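Protein chains in written order, with this note's numbering: chain U, 43 to 504; chain H, 43 to 504.
Taking it in order: structure first as structure tokens, then the write-up.
Protein chains: 2
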Amino acid sequence: MTAAPTHVVAAGAGMLADAVEAQAVPVTRIDWRPPMAGTEDDLATVAADPRRRAANERALAAVLGVSATLVDVAPASEVLGLERGQFLHAGPPVEWARAAGPLRGALMGGAAFEGLVTEPEDAVALFEDGGSVSLEPCHHRSTVGPMAGVVTPSMWMFVLEDPATGRRTHCSLNEGLGKVLRYGAYGPDVLERLRWMSAVLGPLLRTAVRASEPVDVTGILTQMLQMGDEAHNRNRAGTLMLLRDLAPAMAASGADTDDIAASLRFIGANDHFFLNLGMPACKLALDAARDIEGSTMVVAMARNGTDFGIQVSGTGDEWFTGPAQVAEGLFLGDYGPDDANPDIGDSAITETAGIGGFAMATAPAIVRLVGGTVPDALATTRRMHEITLGANPRWSVPILDFQGTPSGIDVTRVCRTGILPQINTGMAGRRAGVGQVGAGLVTPPAEIFPAALAGLAARVPR
Amino acid sequence: MTAAPTHVVAAGAGMLADAVEAQAVPVTRIDWRPPMAGTEDDLATVAADPRRRAANERALAAVLGVSATLVDVAPASEVLGLERGQFLHAGPPVEWARAAGPLRGALMGGAAFEGLVTEPEDAVALFEDGGSVSLEPCHHRSTVGPMAGVVTPSMWMFVLEDPATGRRTHCSLNEGLGKVLRYGAYGPDVLERLRWMSAVLGPLLRTAVRASEPVDVTGILTQMLQMGDEAHNRNRAGTLMLLRDLAPAMAASGADTDDIAASLRFIGANDHFFLNLGMPACKLALDAARDIEGSTMVVAMARNGTDFGIQVSGTGDEWFTGPAQVAEGLFLGDYGPDDANPDIGDSAITETAGIGGFAMATAPAIVRLVGGTVPDALATTRRMHEITLGANPRWSVPILDFQGTPSGIDVTRVCRTGILPQINTGMAGRRAGVGQVGAGLVTPPAEIFPAALAGLAARVPR
Numbered sequence: 043m044t045a046a047p048t049h050v051v052a053a054g055a056g057m058l059a060d061a062v063e064a065q066a067v068p069v070t071r072i073d074w075r076p077p078m079a080g081t082e083d084d085l086a087t088v089a090a091d092p093r094r095r096a097a098n099e100r101a102l103a104a105v106l107g108v109s110a111t112l113v114d115v116a117p118a119s120e121v122l123g124l125e126r127g128q129f130l131h132a133g134p135p136v137e138w139a140r141a142a143g144p145l146r147g148a149l150m151g152g153a154a155f156e157g158l159v160t161e162p163e164d165a166v167a168l169f170e171d172g173g174s175v176s177l178e179p180c181h182h183r184s185t186v187g188p189m190a191g192v193v194t195p196s197m198w199m200f201v202l203e204d205p206a207t208g209r210r211t212h213c214s215l216n217e218g219l220g221k222v223l224r225y226g227a228y229g230p231d232v233l234e235r236l237r238w239m240s241a242v243l244g245p246l247l248r249t250a251v252r253a254s255e256p257v258d259v260t261g262i263l264t265q266m267l268q269m270g271d272e273a274h275n276r277n278r279a280g281t282l283m284l285l286r287d288l289a290p291a292m293a294a295s296g297a298d299t300d301d302i303a304a305s306l307r308f309i310g311a312n313d314h315f316f317l318n319l320g321m322p323a324c325k326l327a328l329d330a331a332r333d334i335e336g337s338t339m340v341v342a343m344a345r346n347g348t349d350f351g352i353q354v355s356g357t358g359d360e361w362f363t364g365p366a367q368v369a370e371g372l373f374l375g376d377y378g379p380d381d382a383n384p385d386i387g388d389s390a391i392t393e394t395a396g397i398g399g400f401a402m403a404t405a406p407a408i409v410r411l412v413g414g415t416v417p418d419a420l421a422t423t424r425r426m427h428e429i430t431l432g433a434n435p436r437w438s439v440p441i442l443d444f445q446g447t448p449s450g451i452d453v454t455r456v457c458r459t460g461i462l463p464q465i466n467t468g469m470a471g472r473r474a475g476v477g478q479v480g481a482g483l484v485t486p487p488a489e490i491f492p493a494a495l496a497g498l499a500a501r502v503p504r
Numbered sequence: 043m044t045a046a047p048t049h050v051v052a053a054g055a056g057m058l059a060d061a062v063e064a065q066a067v068p069v070t071r072i073d074w075r076p077p078m079a080g081t082e083d084d085l086a087t088v089a090a091d092p093r094r095r096a097a098n099e100r101a102l103a104a105v106l107g108v109s110a111t112l113v114d115v116a117p118a119s120e121v122l123g124l125e126r127g128q129f130l131h132a133g134p135p136v137e138w139a140r141a142a143g144p145l146r147g148a149l150m151g152g153a154a155f156e157g158l159v160t161e162p163e164d165a166v167a168l169f170e171d172g173g174s175v176s177l178e179p180c181h182h183r184s185t186v187g188p189m190a191g192v193v194t195p196s197m198w199m200f201v202l203e204d205p206a207t208g209r210r211t212h213c214s215l216n217e218g219l220g221k222v223l224r225y226g227a228y229g230p231d232v233l234e235r236l237r238w239m240s241a242v243l244g245p246l247l248r249t250a251v252r253a254s255e256p257v258d259v260t261g262i263l264t265q266m267l268q269m270g271d272e273a274h275n276r277n278r279a280g281t282l283m284l285l286r287d288l289a290p291a292m293a294a295s296g297a298d299t300d301d302i303a304a305s306l307r308f309i310g311a312n313d314h315f316f317l318n319l320g321m322p323a324c325k326l327a328l329d330a331a332r333d334i335e336g337s338t339m340v341v342a343m344a345r346n347g348t349d350f351g352i353q354v355s356g357t358g359d360e361w362f363t364g365p366a367q368v369a370e371g372l373f374l375g376d377y378g379p380d381d382a383n384p385d386i387g388d389s390a391i392t393e394t395a396g397i398g399g400f401a402m403a404t405a406p407a408i409v410r411l412v413g414g415t416v417p418d419a420l421a422t423t424r425r426m427h428e429i430t431l432g433a434n435p436r437w438s439v440p441i442l443d444f445q446g447t448p449s450g451i452d453v454t455r456v457c458r459t460g461i462l463p464q465i466n467t468g469m470a471g472r473r474a475g476v477g478q479v480g481a482g483l484v485t486p487p488a489e490i491f492p493a494a495l496a497g498l499a500a501r502v503p504r
């Protein structure tokens with residue numbers, strides 16, 4: 043046996059440092075990287091901004107202070123005022139001409155679902171003309187949408203509320219995996235499922251939600267992170283807890299018992315059902331930190347399949363965008379990298395709030411879905427602490443000795459370290475109509491962070 | 043920065059070794075301990091038994107080959123042939139005179155529940171006299187029972203079956219935590235709950251189970267271990283998956299909708315509901331390895347609150363017993379170590395099968411319930427691999443890079459290393475009527491393993 047070391051200097055992913063610390067040896071961690079090229083002046087300007095520290099403290103505290111509860115389920119026409127011909131989509135603004143295949147597919151399916159056209163293919167002319175239809179980001183309507191994120195007036199929405207302020211956010215009901223609208227599929231089975239969701243599932247959930255205590259979505263997220271979910275690509279425990287909370291009121295709803303059983307079966311068979319509650323819960327929290335002058339905290343990351351955009355607290359509603367990247371990961375069936383569309387969806391709101399890819403340490407089994415190794419998953423969560431403002435005490439990671447998830451992405455830390463936010467994601471087929479082709483790991487395009495930094499620097503009072 | 047080591051020799055809990063291995067440095071693990079005193083001769087005799095290797099391979103393969111499915115729910119009188127005045131209890135055989143407080147409390151409550159007496163206290167005379175009542179271990183009737191494990195004819199039982207052989211095991215329905223019969227409480231609320239379970243919950247579950255596909259209990263255990271449950275003192279994900287599987291048929295059962303809603307609420311509010319399915323699943327697997335001459339594998343560990351007993355494959359139905367120990371752990375409210383009864387219950391069947399305390403690495407959050415630290419939990423699972431015959435590929439531990447749970451406790455390895463099986467457990471109040479007082483960590487009394495080894499040695503052909 044060798045003598046125990048009295049002090050260790052560790053560089054790298056941190057596993058050695060962890061083990062040594064667990065054995066009560068003091069550790070100095072070293073992880074230095076050069077800043078992103080060309081950011082030195084803006085970093086200096088923003089660093090000298092006297093408002094910055096307090097603004098970021100306020101921003102992080104605002105995010106961590108929000109509790110999201112599920113208070114209603116209702117059609118988008120009712121709760122968003124969405125009108126015939128209006129379409130919401132994921133990510134920053136984009137027009138039809140630049141829209142990616144899966145977004146086009148979802149819009150075409152949405153047009154058929156709304157009866158604007160009989161066949162989804164007929165909708166191409168409608169969108170090319172543009173006279174009777176309009177596109178708008180979900181984020182501009184207090185909404186988030188996974189993947190293509192298409193919302194139409196007849197779709198039913200979860201309504202989440204922060205009880206302290208009454209603020210609300212929204213998200214559609216999750217359809218399941220594979221050939222589904224949000225992945226760009228629009229076949230007859232996709233539309234039939236959407237019709238059943240609007241005719242049966244939505245109304246039943248409304249009855250159950252209105253008859254139950256408001257479901258504590260933030261609290262379920264807390265539990266999920268102790269149950270192997272990272273709440274972006276694993277939502278199994280969250281879905282089961284939602285089912286637990288709503289099943290009694292569903293059973294007592296007075297609805298047709300076959301419809302109740304079918305709805306319970308539909309939710310239970312879709313491990314991702316809870317994603318569409320976790321996402322608006324994250325948006326509800328992050329929206330509390332918008333528009334704080336001097337704050338360098340990211341309040342949204344979103345992709346439309348063409349562009350990846352971020353919004354930052356201190357720069358208002360401006361989107362900083364760059365080309366969405368293709369994820370690296372694992373593919374379904376015979377699909378390969380050439381079949382995959384670049385990164386798409388508002389679901390990176392989970393990483394923005396500190397879960398998903400940021401909480402991969404809570405979900406080591408996720409590596410079987412998105413690729414990588416278990417040590418990678420642990421290292422990723424640690425690395426994200428280097429670009430975030432703090433840890434969320436409500437969302438703790440048991441395997442990292444109950445450390446909170448890394449929360450509040452700081453544009454200055456990203457630029458200073460060159461470490462990009464880690465997102466794990468589903469991959470949509472590049473061509474409209476295909477559906478899901480895989481899942482993997484992806485980062486934003488690096489250049490949007492220096493751009494956001496420049497935006498922040500320009501607003502620093504001289 | 044120091045140069046990377048080219049080879050590391052590691053002793054101890056293994057965290058350092060793991061970290062080094064994760065960084066691709068070859069590691070030699072050293073963990074040598076002296077054999078238990080006085081076991082040298084028997085170890086030599088058993089080691090020389092030419093049947094041993096094949097017998098243990100057969101025993102482990104038999105355990106790993108069993109799938110447990112939930113096929114029915116029915117009263118004990120019906121499925122166990124239990125008659126008025128007959129009581130099953132946890133652990134090895136024990137008579138009333140030596141029975142611990144919580145077992146007495148549960149027997150008293152059980153007698154009142156069956157209408158043998160009006161007040162539970164009146165049952166003391168009944169059991170002291172013994173003429174009209176009898177006690178028998180659950181294990182002798184293809185049954186397991188958590189804590190006191192008392193089963194009476196009117197209680198409803200889960201019926202599990204191995205589809206390959208038709209073999210069956212049984213367990214009562216879980217009552218929840220706190221003041222409940224299995225922890226020795228017998229107040230009016232305890233008896234009222236038991237009556238509701240027999241009148242409403244049991245019949246509804248029977249209808250639902252008979253109308254559903256058989257629930258794959260072994261498969262749920264596989265999933266639980268990726269969802270933060272170790273399946274002894276954390277059963278939250280398992281309970282939720284059971285609810286998911288049965289809720290549709292419960293909703294469509296035609297029963298009174300208030301009863302359905304109340305039953306869904308009862309199961310959903312009791313994170314331990316699945317324990318009473320995991321335990322008989324473990325027994326079903328382990329029973330497949332009974333009575334293999336030459337096998338040194340433990341097939342049951344069970345405690346009645348007075349004695350801790352084990353049964354070993356190669357020694358038939360013989361119990362090797364010693365005094366049950368008091369767990370070390372965390373206490374509820376104002377309770378302390380003096381209030382705790384020694385270890386009780388058949389639930390150590392989970393550890394015998396390789397989960398519970400053996401799978402603590404899957405459930406780092408369990409340390410908040412039973413005490414200890416997260417590194418302890420990881421180290422415990424690794425340590426149990428030193429006394430087991432193999433790893434269960436069906437039950438893998440993501441955080442240990444998907445290694446299987448340590449399965450098949452080997453009496454010779456326990457004696458050779460002195461490492462005792464680690465059990466995590468609820469703690470019952472020492473006095474009848476109190477209920478649960480805490481949860482913690484405990485081991486069997488060491489001397490039962492040398493005793494079992496001697497029994498094995500005596501059967502080795504000379």
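Where a beta carbon is used, it is the ideal one built from N, C-alpha and C, also for glycine.
As the structure is a computational prediction, the values presented were derived from the model and not from experiment.
Between P77 (chain H) and C457 (chain H), the C-beta gap is smaller than 8 Å, which places the two residues in contact. With respect to chain U, the C-beta atom of M189 (chain H) has no partner C-beta closer than 8 Å. By the Cβ neighbour-count rule, P492 (chain H) is buried, with 16 or more other Cβ atoms within 10 Å of its own. In this structure, E393 (chain U) lies near I465 (chain U), with their beta-carbon atoms less than 8 Å apart. Annotated as distal: M343 (chain U) and A101 (chain U), with beta-carbon spacing of 8 Å or more. By the 16-neighbour rule on beta-carbons within 10 angstroms, A89 (chain U) is exposed. Under DSSP, L202 (chain H) forms a beta bridge with H:L112 and H:T211.
For A470 (chain U), no alpha helix (DSSP H) run applies; the uninterrupted beta strand (DSSP E) run containing it begins and ends at I465 to A470, by DSSP.
T299, D300, I302, A303, L306, R307 and G310: these are the residues of the segment 297 to 310 of chain H whose beta carbon lies less than 7 Å from some beta carbon of chain U, given in chain order. Contacts with chain H (Cβ-Cβ distance below 7 Å) from the segment 435 to 459 of chain U involve P440, I441 and D443, listed in chain order. Taking C-beta atoms as the reference points, A403 (chain H) and I461 (chain H) fail to come closer than 8 Å. Each residue's CA atom was taken as its position, placing G432 (chain H) and G347 (chain H) some 30 Å apart. Between the segment 407 to 419 of chain H and the segment 241 to 260 of chain H, the count of Cβ pairs shorter than 8 Å is below three; the stretches do not touch. Taking all protein chains shown into account, H274 (chain U) has 16 or more neighbouring C-beta atoms within 10 Å of its C-beta and is therefore buried. Among the residues facing chain U, P290 (chain H) is included, as its CB has a counterpart in that chain under 8 Å away. Taking a Cβ-Cβ cut-off of 7 Å, the neighbours of P406 (chain H) in chain U comprise P440 and I441, given in sequence order. The CB of A279 (chain H) comes closer than 9 Å to the CB of M269, G270, R278, A279 and L282 in chain U, given here in chain order.
If you draw a straight line from the Cα of M239 (chain H) to the Cα of F400 (chain H), it comes to about 32 Å. Residues of the segment 230 to 253 of chain U with a Cβ closer than 9 Å to any Cβ of chain H: none. The three-state secondary structure of H181 (chain H), taken from DSSP, is helix. In this structure, A132 (chain U) lies near G191 (chain U), with their beta-carbon atoms less than 8 Å apart.
Separation of the CB atoms of R307 (chain H) and P290 (chain U) is rounded to 5 Å, and the pair is thereby assigned contact status at 8 Å. Residue-level contact check: L411 (chain U) does not touch chain H, since none of the beta carbons of chain H fall below 8 Å from its beta carbon. In this structure S389 (chain H) is buried. Its beta-carbon is surrounded by 16 or more other beta-carbon atoms within 10 angstroms. Among the CB atoms of chain U, none fall inside 8 Å of the CB of R424 (chain H).
Taken atom to atom, the span from the alpha-carbon of T87 (chain H) to that of P486 (chain H) is near 24 Å. DSSP places T447 (chain H) within a strand segment (E or B) once states are collapsed to three. Between the C-alpha atoms of V193 (chain U) and G351 (chain U) there is a straight-line separation of about 19 Å.
Taking 8 Å as the CB threshold, R75 (chain H) stays off the interface with chain U. Per the DSSP secondary-structure output, Q367 (chain U) pairs with nothing in a beta bridge. Taking a beta-carbon distance threshold of 8 Å, R332 (chain H) does not count as an interface residue toward chain U. The segment 277 to 289 of chain H and the segment 276 to 290 of chain U touch, with three or more beta-carbon pairs separated by less than 8 Å. Sequence-distant partners of L85 (chain H) (beyond 5 residues in either direction) whose C-beta falls short of 8 Å from its own C-beta, in its chain, are P77, T454, C457, R458 and L495.
Short of 6 Å from the beta carbon of R140 (chain U), and not among the five residues preceding or following it, lie these beta carbons of its own chain, in chain order: T348. Contact annotation for V368 (chain H) against chain U: no contact, minimum CB-CB distance about 27 Å [criterion: below 8 Å].
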